[in-house]
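J.: Here the UniProt record's numbering is used: position 196 in the sequence shown is 196, and no number is missing along the way. Just so it is clear, CB atoms sit at the ideal spot from N, CA and C, and this is done for glycine as well. Values in this document were obtained by computation on a predicted structure and should not be read as measured data.
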Amino acid sequence: MEESSTKEVVTDTSEHVWSPYVFENSTHRDGAIYKNTLLSKEWFGFDFTDRNETRLEPMMLTKTTKECVYYQGYCRFHFPNHILQFFSLTLAKSPVSSGPIQLYGYIAVRDNRDCMLNYVFNHSRDDPVFVQQGSLIEMNGPKRAIEMVSSILVEFDMRIKNGEQEEDDLQLIDGAIACHDVIPWKPIKDRITGKCGIVDMSYACIEHAVEATIEIAILEVQKCFSLSLSSYIYVMEDYEEIPLFHGTIDHSHGLRRFVVAVMLDTDMLLKFKVGNDVVRYRTFKAKQHGCASRRIKLDFASFVMKVTWSTI
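#1: Bridge partners of W309, per DSSP?
#2: Any idea what DSSP makes of D168, helix, strand or coil?
#3: Can you pull the DSSP bridge partners for G254?
#4: Given this structure, state the Cα-to-Cα distance separating A32 from S19, to the nearest angstrom.
#5: Alpha carbon to alpha carbon, how far is H123 from Y104? Give it in angstroms, no decimals.
#6: Compute the distance between the beta-carbons of P95 and L39, then report whether it is under 8 Å.
#7: Taking the beta carbon of M17 as the centre, do at least 16 other beta carbons fall within 10 Å, making it buried, or is it exposed?
#8: Using the C-alpha atoms, what's the distance from E240 back to M1?
#9: Ordered along the chain, which non-local residues of its own chain (more than five positions away) have a Cβ less than 6 Å from that of Y74?
#10: What separation, rounded to the nearest whole angstrom, lies between the Cα atoms of R295 and F303?
#11: Please say whether A212 and W309 have beta carbons closer to each other than 8 Å?
#12: Report yes if the C-beta distance between I173 and G141 is below 8 Å; otherwise report no.
#13: At which residues does the alpha helix (DSSP H) containing T90 begin and terminate?
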């Protein structure tokens, strides 16, 4: 597939909406989850009092090693895996129906790779995001791929800043849910209903997947412009969108690192929408190891992207 060509992608999927079971006594703000012995026994190996971020990094198996044995172009030592991929977070219901709210807190996943928190969304009270009802909540994670070979736990504690003091803030959602289904599936929405609103989490289990780490530098910026960046990945006969970034660019700099699960041997597309009129795609073939770079040159800016592949 040529760099400048495109695939038909699905941007308006009919996702199934579920209301998952939120564990009793799994709230964080009142400390209930830390005292829940039944939950600790069920999730043996997960230390809920440990709030540290996962120490595992992405790109851990990017380089080939002496153990790598290649046959017909594939490494027979490092294998793809089932990986959980978050597609979006949405503020489905807000206590303020018109206008934005200031949202902070976290959504994080624990898997069996190291049983520690892998943040999908994480903002402090001093650095809230402005979101209004019905709009996407921009994710700033995960740090590395989420292994889906056994059950995983999703913890969340999201709050609405409502004044100068933290005790005045409103609790949006708080608790923990499990995901036990390790077979691949298309994106679903888990609808989390809290005291002061609703958050939809859209995710899927990607089969035979590898980890893609996306790094993007924006260079030679000559004027201010808006940028929307999305990744499209193949999920069970369709291409599904993962919104990565939306904002205003007014100087040359690099964006944060993005980590995405991609089925081995399929194409991952990066879509750049600049302003209202300019749209460019670049394509990357998923591999077990290695990296690839692409470039987009516009009259007023350049985009240099690097995708690094790794098994987990």
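T.: If we stick to the structure as given:
#1: For the purposes of this step, residue 309 is taken as the residue at position 309 of the sequence shown. Paired residue(s): A212 and G290.
#2: Numbered from its first residue, the sequence shown carries residue 168 at position 168. Helix, per DSSP.
#3: As a first step, residue 254 is located in the sequence shown; it is residue number 254 there, counting from the start. Looking at the DSSP assignment, G254 forms a beta bridge with A217.
#4: Stepping through the sequence shown from its first residue, residue 32 is reached at position 32. Stepping through the sequence shown from its first residue, residue 19 is reached at position 19. Their backbone Cα atoms lie some 22 Å apart in a straight line.
#5: Here residue 104 refers to the residue found at position 104 of the sequence shown. Here residue 123 refers to the residue found at position 123 of the sequence shown. About 5 Å.
#6: As a working note, residue 95 is residue 95 in the sequence shown. As a working note, residue 39 is residue 39 in the sequence shown. For P95 and L39, no; Cβs fall outside 8 Å.
#7: Position 17 of the sequence shown, counted from the first residue, corresponds to residue 17. Reading the sequence as shown, one finds Val at residue 17 and not Met. Exposed.
#8: On the sequence shown, residue 1 is found 1 positions in, with the first residue counted as 1. On the sequence shown, residue 240 is found 240 positions in, with the first residue counted as 1. Unreliable placement is indicated for M1, whose pLDDT of 40 sits below 50; no coordinate value is reported for it.
#9: By 1-based counting over the sequence shown, the position of residue 74 is 74. Excluding positions up to five away in sequence, the list is empty.
#10: Taking the first residue of the sequence shown as position 1, residue 295 is located at position 295. Taking the first residue of the sequence shown as position 1, residue 303 is located at position 303. Straight-line Cα distance between these residues: approximately 6 Å.
#11: To locate residue 309, count along the sequence shown from 1; it is residue 309. To locate residue 212, count along the sequence shown from 1; it is residue 212. The answer is yes: Cβ separation under 8 Å.
#12: If you number the sequence shown from 1, residue 173 lands on position 173. If you number the sequence shown from 1, residue 141 lands on position 141. No, they are not a contact pair.
#13: In the sequence shown, counting from the first residue as 1, residue 90 sits at position 90. Note, T90: premise wrong, no alpha helix (DSSP H); beta strand (DSSP E) at N81 to K93.
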